[in-house]
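Accompanying notes for the structure given below.
Numbering (my numbering), first residue to last: -4 to 199.
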């Protein structure tokens, strides 16, 4: 495997943030919400979506086996985050459809974030948020039953829960990496601004 230099690693993270921004803006359910609700969801979910996307890419590309890449991650994020990242990739489901559905579930799951203690915990339209959450969960479960046996579907959901516990631990340790926090804040603010501009463009 080709050893990544500093420029390639920077490009990797830049593309990761750009892809996360595109994913968030392409979700029709998110776009249909009020700007207040969107703002809260972006602040509660963006980081977990970013992390899952990164882990899936590391798993699929096998970058997690590249020693120089791991050394670069260690230098940026430290021992604890690297250890959790390596462990989390072992829990990643290889089913890309299931992973995409999981990303949508995370977008509307509001109880796993650790990004800020100053966020409002109420929503302007709680009923709509709840209905969207239920719809994504139901679609995901129906897909698993269609694609796999009932036993396999249960195991995959159990594995997803295990992954979410690891994700929460990872997010906790990432709060001590200031440049990561700054990057996530920039991602949220830029995505929020683009969504508002999209709203204005549709009105015009």
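Where a beta carbon is used, it is the ideal one built from N, C-alpha and C, also for glycine.
Cβ atoms of residue 76 and residue 165 come within 8 Å of each other, at about 6 Å. DSSP, reduced to helix, strand and coil, places residue 103 outside both helices and strands of the structure shown, so it counts as coil. No residue range can be given for residue 88, since it is assigned to no alpha helix (DSSP H) and is classified by DSSP as neither H nor E.
In terms of Cβ geometry, residue 15 and residue 50 do not form a close pair [threshold 8 Å]. Here DSSP, grouped into helix, strand and coil, assigns residue 120 to coil.
In this structure, the beta-carbon distance from residue 86 to residue 157 falls below 8 Å. Per DSSP, reduced to three states, the secondary structure at residue 61 is coil, with no helix or strand assignment. Apart from sequence neighbours up to five positions away, the residues of its chain that approach residue 172 with a beta-carbon distance below 8 Å are 71, 72, 73 and 76, ordered along the chain.
DSSP, read as helix, strand or coil, puts residue 28 in coil.
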